[in-house]
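Heads up: the structure comes next, in structure tokens.
Number of protein chains: 2
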Amino acid sequence: MQVSEAISSRRSIKQFDAGHRLSAPEIDRLYRNARLAPTSFNIQHVRFIRVTDPELRARIRPLAFDQPQVTDAAELVVVTADVQAWQKNPQRYWRNAGERGPIIVDSLLGFYRGREWLQRDEAIRSGAFAAQNLMLTARELGYDSCPMIGFDIDAVGRLIGLPDDHVVVMMLAIGRAAGPAWERGGDLPASEAVFENAFPQPSVSVA
Amino acid sequence: MQVSEAISSRRSIKQFDAGHRLSAPEIDRLYRNARLAPTSFNIQHVRFIRVTDPELRARIRPLAFDQPQVTDAAELVVVTADVQAWQKNPQRYWRNAGERGPIIVDSLLGFYRGREWLQRDEAIRSGAFAAQNLMLTARELGYDSCPMIGFDIDAVGRLIGLPDDHVVVMMLAIGRAAGPAWERGGDLPASEAVFENAFPQPSVSVA
Numbered sequence: 152m153q154v155s156e157a158i159s160s161r162r163s164i165k166q167f168d169a170g171h172r173l174s175a176p177e178i179d180r181l182y183r184n185a186r187l188a189p190t191s192f193n194i195q196h197v198r199f200i201r202v203t204d205p206e207l208r209a210r211i212r213p214l215a216f217d218q219p220q221v222t223d224a225a226e227l228v229v230v231t232a233d234v235q236a237w238q239k240n241p242q243r244y245w246r247n248a249g250e251r252g253p254i255i256v257d258s259l260l261g262f263y264r265g266r267e268w269l270q271r272d273e274a275i276r277s278g279a280f281a282a283q284n285l286m287l288t289a290r291e292l293g294y295d296s297c298p299m300i301g302f303d304i305d306a307v308g309r310l311i312g313l314p315d316d317h318v319v320v321m322m323l324a325i326g327r328a329a330g331p332a333w334e335r336g337g338d339l340p341a342s343e344a345v346f347e348n349a350f351p352q353p354s355v356s357v358a
Numbered sequence: 152m153q154v155s156e157a158i159s160s161r162r163s164i165k166q167f168d169a170g171h172r173l174s175a176p177e178i179d180r181l182y183r184n185a186r187l188a189p190t191s192f193n194i195q196h197v198r199f200i201r202v203t204d205p206e207l208r209a210r211i212r213p214l215a216f217d218q219p220q221v222t223d224a225a226e227l228v229v230v231t232a233d234v235q236a237w238q239k240n241p242q243r244y245w246r247n248a249g250e251r252g253p254i255i256v257d258s259l260l261g262f263y264r265g266r267e268w269l270q271r272d273e274a275i276r277s278g279a280f281a282a283q284n285l286m287l288t289a290r291e292l293g294y295d296s297c298p299m300i301g302f303d304i305d306a307v308g309r310l311i312g313l314p315d316d317h318v319v320v321m322m323l324a325i326g327r328a329a330g331p332a333w334e335r336g337g338d339l340p341a342s343e344a345v346f347e348n349a350f351p352q353p354s355v356s357v358a
């Protein structure tokens with residue numbers, strides 16, 4: 152499937168065929184593509200928890216407003232990220248870079264050190280890049296998806312043993328659609344989202 | 152271009168053909184696809200500032216470690232998001248939803264109200280979804296891209312007139328590559344990024 156077709160046909164689906172399972176090659180392609188999303192300074196800090204245990208799915212569902220995709224989708228993944236990955240043996244992220252490696256590692260340590268807000272933003276940003284790759288790869292495989300943030304983030308984190316220095320970015324359900332997407336709720340025009348060089352300035356009234 | 156090919160061939164490029172410009176249909180496709188990325192509760196809060204003014208490019212470049220893609224790439228976009236979009240006439244995001252509309256709007260107001268961390272995370276998350284669509288659409292159009300966070304975020308925000316209730320998510324350069332990507336720095340194995348049901352627990356030593 153072409154990129155633009157995957158993007159334009161991607162809609163959030165909440166009803167999935169609970170009897171369908173993904174093949175091993177499909178699962179491999181999903182997570183290979185997810186891991187190919189960019190990370191700043193190649194810190195590769197995104198961690199994917201595939202929820203394959205039906206009992207765990209059943210425990211998560213009431214934490215997510217009882218939404219059916221939690222138990223019914225072929226794949227449910229909690230996208231998380233290691234907020235401290237930047238300082239966990241960062242040499243490994245640049246081990247193939249030769250003489251340039253140590254210079255890049257010094258740069259990345261200086262870039263993140265002491266900037267907790269940036270470390271956290273980076274986790275959310277990278278996790279979302281990867282999640283978008285998952286959603287579009289799902290389309291390519293003939294599947295649909297539902298990105299989710301409406302759940303008890305702390306409780307789900309506890310259920311998956313989230314380490315203290317990681318964050319939950321979102322959940323994502325993927326599978327064979329068993330119902331249509333909702334109608335589009337109300338698209339804003341491009342003129343309210345795309346600007347050149349600066350935000351439109353409010354007009355100044357001259358008294 | 153197929154989705155998987157776009158994902159696997161996407162690499163960060165820092166050298167661009169400074170003489171190349173995108174056509175109007177290419178620009179339209181980029182931002183149409185960017186705007187089709189999902190947002191939670193359809194709040195559509197991502198705002199794209201296309202930096203087309205060469206003088207503004209020249210002012211941004213020293214704020215971004217003098218990286219050449221800032222001035223040389225055909226397209227430079229500052230991806231931002233309106234952190235308060237959820238409470239700015241949210242009825243418009245669900246105007247086509249009939250009787251369901253007011254119920255959804257009540258839900259979204261309750262979801263975001265008082266949760267400043269979630270409002271900010273959502274801005275970063277949605278901006279990153281959209282940026283990934285831009286990067287993959289660039290590949291489909293035969294172009295390359297460079298996602299950037301290494302710049303003076305506050306200073307760039309001032310240059311583009313960023314409103315106080317918006318955040319800068321990242322910058323993205325897009326254009327015709329004039330040089331190769333770096334070798335891959337050092338890929339982590341899938342076994343360090345993809346887990347089933349829970350994070351691996353550290354082994355407990357019994358005294």
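For the record, the sequence lines run as chains L and G. Start counting the first sequence at 152; every next residue gets the next number (the working numbering). Start counting the second sequence at 152; every next residue gets the next number (the working numbering). Even glycine gets a Cβ: it sits at the ideal position worked out from N, Cα and C. Note that this is a predicted model, so its numbers are computed, not measured.
request  = Taking 8 Å as the cut-off, decide whether the C-beta atoms of ILE311 (chain L) and PHE350 (chain G) are in contact.
outcome  = The residue labelled residue 311 (chain L) in the question sits at position 160 within the first sequence. The residue labelled residue 350 (chain G) in the question sits at position 199 within the second sequence. Against a cut-off of 8 Å, the Cβ pair of PHE350 (chain G) and ILE311 (chain L) comes out as a contact.
request  = Spatial neighbours of ALA288 (chain G) within its chain, please: CB distance less than 7 Å, with the 5 preceding and 5 following residues excluded, ordered by chain position.
outcome  = Here the question's residue 288 (chain G) lines up with position 137 in the second sequence. Residue identity check: residue 288 (chain G) is Thr in the sequence provided, not Ala. Once the five neighbours on either side are set aside, the close Cβ partners of THR288 (chain G) are ARG180, LEU181, ASN184.
message = Does chain L have any CB closer than 8 Å to the CB of GLY261 (chain G)?
response = Translated into the one-based positions of the second sequence, residue 261 (chain G) becomes position 110. Output row for GLY261 (chain G): interface = no.
ask   = Count the other CB atoms within 10 Å of the CB of LYS239 (chain L); is the residue buried (16 or more) or exposed (fewer)?
value = Within the first sequence, the letter at position 88 stands for residue 239 (chain L). Result: exposed.
inquiry  = From the DSSP secondary-structure annotation, give me the bridge partner or partners of GLN153 (chain L).
reply    = For this step, residue 153 (chain L) is matched to residue 2 along the first sequence. In DSSP, GLN153 (chain L) forms a bridge with G:GLN153.
task = Output yes if chain G places a C-beta closer than 8 Å to the C-beta of VAL202 (chain L); else output no.
result = Translated into positions along the first sequence, residue 202 (chain L) becomes position 51. It does; some Cβ of chain G falls within 8 Å.
message = For GLY337 (chain L), tell me which candidate among G:VAL234, G:GLY249, G:LYS165, G:GLN153 has the shortest Cα-Cα distance.
response = Here residue 337 (chain L) refers to the residue found at position 186 when the first sequence is read from its first residue. Cα-wise, what sits closest to GLY337 (chain L) is G:GLY249.
request  = Check the C-beta distance from GLN242 (chain G) over to PHE167 (chain G) and give it rounded, since I have them as a contact under 8 Å.
outcome  = For the purposes of this step, residue 242 (chain G) is identified with residue 91 of the second sequence, where counting begins at 1. For the purposes of this step, residue 167 (chain G) is identified with residue 16 of the second sequence, where counting begins at 1. The Cβ separation is near 42 Å, so there is no contact.
Segment limits, beta strand (DSSP E) that includes ASP233 (chain G) = Here residue 233 (chain G) refers to the residue found at position 82 of the second sequence. Unbroken beta strand (DSSP E) run through ASP233 (chain G): 226-233.
request  = Could you give the DSSP three-state label for GLU360 (chain G): helix, strand or coil?
outcome  = Residue 360 (chain G) lies beyond the residue range present for chain G, which begins at 152 and ends at 358; the question has no answer from this structure.
query = With DSSP run on the structure shown, which of helix, strand or coil describes ILE275 (chain G)?
reply = Numbered from its first residue, the second sequence carries residue 275 (chain G) at position 124. The answer is helix: DSSP assigns ILE275 (chain G) an H, G or I state.
request  = Determine, using beta carbons only, whether PHE302 (chain L) comes closer than 8 Å to chain G.
outcome  = Counting from one through the first sequence, the residue named residue 302 (chain L) turns up at place 151. No, no contact with chain G.
key: Residues sharing a beta bridge with ALA324 (chain L), DSSP   = Sequence index remark: in the first sequence, residue 324 (chain L) carries index 173 (1-based). ALA324 (chain L) is bridged to L:LEU227, L:CYS297.
query = Which of the residues in the segment 239-258 of chain G, read from start to end, lie with their CB under 7 Å from any CB of chain L?
reply = ARG243, TYR244, TRP245, ARG246, ASN247, ALA248
inquiry  = With a threshold of 7 Å on Cβ separation, who are the neighbours of GLY207 (chain G) within its own chain once the five nearest residues in sequence on each side are excluded?
reply    = As a position in the second sequence, residue 207 (chain G) is number 56, starting the count at 1. In the sequence as displayed, the identity of residue 207 (chain G) is Leu instead of Gly. Excluding sequence neighbours, LEU207 (chain G) sits near LEU310.
request  = Using alpha carbons as the reference points, say which of G:MET322, G:PHE192, G:ALA225 lies closest to MET299 (chain G).
outcome  = Locating residue 299 (chain G) in the second sequence gives position 148, where the first residue counts as 1. It is G:MET322 whose Cα lies nearest to the Cα of MET299 (chain G).
request  = Could you pull out every residue in the same chain whose Cβ sits closer than 6 Å to the Cβ of LEU292 (chain L), ignoring the five residues on either side in sequence?
outcome  = Counting from 1 along the first sequence, the entry for residue 292 (chain L) is found at position 141. Around LEU292 (chain L): GLU177.
request  = Return the CA-CA distance between ILE194 (chain G) and ARG172 (chain L), expressed in angstroms with no decimal places.
outcome  = The residue given as residue 194 (chain G) occupies position 43 in the second sequence. The residue given as residue 172 (chain L) occupies position 21 in the first sequence. Cα to Cα, ILE194 (chain G) sits roughly 32 Å from ARG172 (chain L).
request  = To the nearest angstrom, report how far apart ASP272 (chain L) and VAL154 (chain G) are at their CA atoms.
outcome  = Your numbering for residue 272 (chain L) matches position 121 in the first sequence. Your numbering for residue 154 (chain G) matches position 3 in the second sequence. Spanning the two alpha carbons is a distance of roughly 26 Å.
query = Quick one: is PRO314 (chain L) near chain G, going by C-beta distance under 8 Å?
reply = Translated into the one-based positions of the first sequence, residue 314 (chain L) becomes position 163. For PRO314 (chain L), the answer is yes, since a Cβ of chain G falls inside 8 Å of its Cβ.
request  = Would you mind telling me which residues of chain G sit closer than 7 Å to GLY336 (chain L), beta carbon to beta carbon, in chain order?
outcome  = Taking the first residue of the first sequence as 1, we reach residue 336 (chain L) at position 185. Result: ASN193, TYR244, TRP245, ASN247, ALA248.
request  = Kindly indicate which residue of L:GLY301, L:GLN235, L:ALA341, L:GLY326 has the alpha-carbon position closest to the one of LEU214 (chain L).
outcome  = Here residue 214 (chain L) is taken as the residue at index 63 of the first sequence, counted from 1. Among L:GLY301, L:GLN235, L:ALA341, L:GLY326, the Cα nearest to that of LEU214 (chain L) is on L:GLY301.
task = With ARG251 (chain G) as the anchor, note down where its alpha helix (DSSP H) starts and where it stops.
result = In the second sequence, the residue the question calls residue 251 (chain G) occupies position 100. Element bounds for ARG251 (chain G): 251-263.
ask   = Closest to ALA344 (chain G) by CA distance: which of L:ALA209, L:SER160, L:PRO205, L:VAL229 is it?
value = Taking the first residue of the second sequence as position 1, residue 344 (chain G) is located at position 193. Comparing Cα positions, the closest option is L:VAL229.
query = In terms of residue numbering, what span does the beta strand (DSSP E) encompassing ARG198 (chain L) cover?
reply = Reading the first sequence from its first residue, position 47 is the one you call residue 198 (chain L). Element bounds for ARG198 (chain L): 197-201.
Helix, strand or coil at PHE280 (chain G) according to DSSP, with G and I counted as helix = For this step, residue 280 (chain G) is matched to residue 129 along the second sequence. PHE280 (chain G) falls in the helix class under three-state DSSP.
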